[in-house]
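So the structure is just underneath, and the comments pick up after that.
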Amino acid sequence: MHTAIGVFSTRDAAEAAYKELVDRQISPEQIVFLTRSDTEGETVGKELGATVGGFMGFAAGMSAGVGAAVLLAVPGIGQVAALGFGAAALLGLTGAGAGTLLGKVGSGGAAQPIPEPSADDVAFFRQVLAEGRSLVVVRTDSDDIASRANEVLNRLGISLQEHTPVKLQMSTRNVGDISIIDISGRIALGEGADMLREMVRELTDTGQRKILLNLHNVGYVDSSGLGELIKAHTTAINHGGQLKLVAVSKRVNDLLHTTRLNLVLQIEADEATALQSFRAAAASS
């Protein structure tokens with residue numbers, strides 16, 4: 026499943042992105058909109074309803090397969106205006122099975138379950154909201170829909186402008202029990218993001234628990250790339266391991282700080298420091 030994440034400095038920008046996603050024939054069932062709100066629920070509902078061109082039937086609390094805009098009370102953040110099935114799950118506010126609330130995936134018609142977000146994913150989404158930013162998340166199995174979502178979120182959200190045409194290249198090496206993935210090029214929708222996902226999965230499936238991503242030569246990360254970095258981190262955690270980033274290029278480092286992803290991922294300045302941090306963690310466990 027592709028996950029494209031758009032981080033926006035203002036709610037108006039996030040609303041514009043949501044509307045354009047729908048205009049580009051992306052189903053609202055595949056979109057989650059989140060923004061902090063101190064406004065009363067009725068007002069929020071009307072404003073969001075106007076933004077998406079009347080998709081929401083707020084008086085009835087539900088419309089044609091889209092879901093209601095609701096206010097969620099998030100500990101440590103306050104009220105969050107949320108739109109889209111699965112919104113509560115992204116913030117860690119529901120129990121097991123909540124991922125199925127995303128609704129239909131693609132145009133097949135049948136409801137498809139989605140993976141529950143990990144604690145790290147939840148921490149990332151909450152931190153972005155705590156910083157006063159808004160989020161638009163698109164999750165889909167369709168390459169075409171993911172491509173359209175990426176184009177919109179990259180153009181309208183907080184993102185790097187693409188200046189790195191080189192396709193992703195990766196190689197692995199081991200230092201003791203630590204696997205280092207040297208990456209160059211771009212982590213983007215399609216080949217780049219898929220390669221990273223498969224590489225991390227292969228390492229964890231073979232029992233590797235300490236993974237270091239060397240991003241020194243990565244000059245571009247798009248909204249799907251952000252999603253893949255979160256997934257890679259979550260995959261390592263779910264296998265009882267750790268994943269860290271090292272030697273992150275300035276442009277990518279700026280993006281990680283702007284989106285607050287630096288508060289979820291562990292980022293080390295250089296390889297020697299990163300290796301020592303793995304060893305220190307092992308010694309203290």
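Just so we're aligned, residue 26 is where the sequence shown starts under the numbering used here, counting upward by one. Note that CB positions come from ideal geometry on N, CA and C, so glycine has one too. In this text the structure is predicted, and so the values were computed from the model without any measurement.
8 Å or more divides the Cβ of residue 252 from the Cβ of residue 276. Residue pairing by DSSP puts residue 195 in a beta bridge opposite 208. Residue range 36 to 48 is occupied by the alpha helix (DSSP H) that includes residue 38. Between the region 277 to 285 and the region 151 to 168 there are three or more C-beta pairs closer than 8 Å, enough to call the two in contact.
Taking C-alpha positions only, residue 47 is separated from residue 294 by approximately 40 Å. A Cβ-Cβ separation of about 6 Å places residue 236 in contact with residue 261 under the 8 Å criterion. As computed with DSSP, residue 118 is found in no beta bridge at all. Residue 110 sits in coil when the DSSP states are folded into three classes, being neither helix nor strand. By DSSP's assignment, residue 242 forms a beta bridge with 209.
Separation of residue 307 and residue 193 (C-alpha to C-alpha, rounded to the nearest whole angstrom) is 31 Å. DSSP lists 30, 57 as the beta-bridge partner residues of residue 162.
DSSP places residue 157 outside both helix and strand once states are collapsed to three, so it counts as coil. The C-beta of residue 204 has 16 or more other C-beta atoms within 10 Å across all chains shown, which makes the residue buried. Taking C-beta separations shorter than 6 Å and ignoring five residues to either side along the sequence, the partners of residue 198 in its chain run 205, following chain order. In this structure, residue 182 lies away from residue 274, with their beta-carbon atoms at least 8 Å apart. Note on residue 55: 16 or more other CB atoms within 10 angstroms of its CB, so buried under the neighbour-count rule. When secondary structure is reduced to three states using DSSP, residue 98 falls in the strand class. In the assembly as shown, residue 53 is a buried residue. Its beta-carbon has 16 or more other beta-carbons within 10 Å.
Boundaries cannot be given for residue 288, as no alpha helix (DSSP H) includes it and DSSP labels it neither H nor E. When the alpha-carbon of residue 241 is set against those of 259, 212, 208, the nearest one is in 208.
Shown here, residue 181 sits in a helix according to DSSP, grouped into three states. Taking all protein chains shown into account, residue 305 has fewer than 16 neighbouring C-beta atoms within 10 Å of its C-beta and is therefore exposed. Counting only residues of its own chain and dropping the five nearest sequence neighbours on each side, residue 264 has a CB closer than 7 Å to the CB of 229, 234. Partner residues in the beta bridge of residue 270, as assigned by DSSP, are 238, 292.
Residue 250 sits in a helix when the DSSP states are folded into three classes.
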